[in-house]
Amino acid sequence: MNKTLKEIEKFHGHLGPFAVIGYKMGLIACEKLGSDPFKKKVVVYTGTTPPISCIVDGIQLGSCCTLGKGNIETIDEKKPKAEFFLKDSPDEKITISLKDEIKKDIDTNATKDNLIFYAEKIWEKNNDELFDFL
């Protein structure tokens, strides 16, 4: 397992596909909006019920937007989607949604016994394979 996946596992408590998805979302937000976590805010549409809410932990680690900084909010729509924006320029934003077919594959085939396999599979995919961007 590579170093980054080990960091995600340590932060989240185990390695699973949704935590990796959130981490990748956070990295994309940093690429598009800058790495300063105090300038960004994110609204995550997963709610707080696992396993989909594991995306929130990945986002915290990947973007450094955290509950402690107060720049992450969850809305209980049970959607694997996050909207990142700059606090001072809310029009500068990116919305990232997990592709339906990826979510369906995880929901249908990921089990306790193969979570690491699915996390590694997600890690190896490029962002265009995983996400829709608005």
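Residue numbers (the working numbering): 49 to 182. All C-beta atoms, glycine included, are put in the ideal place defined by N, C-alpha and C.
Cβ neighbours of residue i in the same chain (closer than 6 angstroms, five flanking residues each side left out)
{"i": "residue 145", "result": "129, 180"}
{"i": "residue 60", "result": "67, 105"}
{"i": "residue 74", "result": "107, 110, 111"}
{"i": "residue 93", "result": "123, 125, 127, 129"}
{"i": "residue 99", "result": "66"}
Coil, strand or helix - residue i by DSSP
{"i": "residue 130", "result": "strand"}
{"i": "residue 181", "result": "strand"}
{"i": "residue 235", "result": "With the chain represented from 49 up to 182, any question about residue 235 goes unanswered, as that position is not in the structure."}
{"i": "residue 56", "result": "helix"}
{"i": "residue 96", "result": "coil"}
{"i": "residue 87", "result": "coil"}
{"i": "residue 109", "result": "helix"}
{"i": "residue 175", "result": "helix"}
When the options are compared against residue i, the one with the closest alpha-carbon
{"i": "residue 57", "options": "110, 86, 175, 139", "result": "110"}
{"i": "residue 116", "options": "127, 147, 101, 86", "result": "86"}
{"i": "residue 140", "options": "169, 153, 82, 154", "result": "82"}
{"i": "residue 63", "options": "153, 149, 177, 170", "result": "170"}
{"i": "residue 53", "options": "132, 152, 167", "result": "167"}
{"i": "residue 147", "options": "173, 79, 95", "result": "173"}
Unbroken alpha helix (DSSP H) run spanning residue i, endpoints
{"i": "residue 80", "result": "65-81"}
{"i": "residue 169", "result": "163-172"}
Same chain only: Cβ atoms within 8 angstroms of residue i, ignoring 5 sequence neighbours per side
{"i": "residue 175", "result": "72, 76"}
{"i": "residue 119", "result": "85, 86, 88, 89, 90, 113, 135"}
Residue interval of the beta strand (DSSP E) (run including residue i)
{"i": "residue 101", "result": "Where residue 101 is concerned, there is no enclosing beta strand (DSSP E), given that its DSSP letter is neither H nor E."}
{"i": "residue 146", "result": "141-146"}
Beta carbon proximity, residue i to chain D, threshold 7 angstroms
{"i": "residue 98", "result": "No chain D is part of this structure, which consists of one protein chain only."}
Same chain, Cβ closer than 7 angstroms to residue i, five either side skipped, listed in chain order
{"i": "residue 150", "result": "178"}
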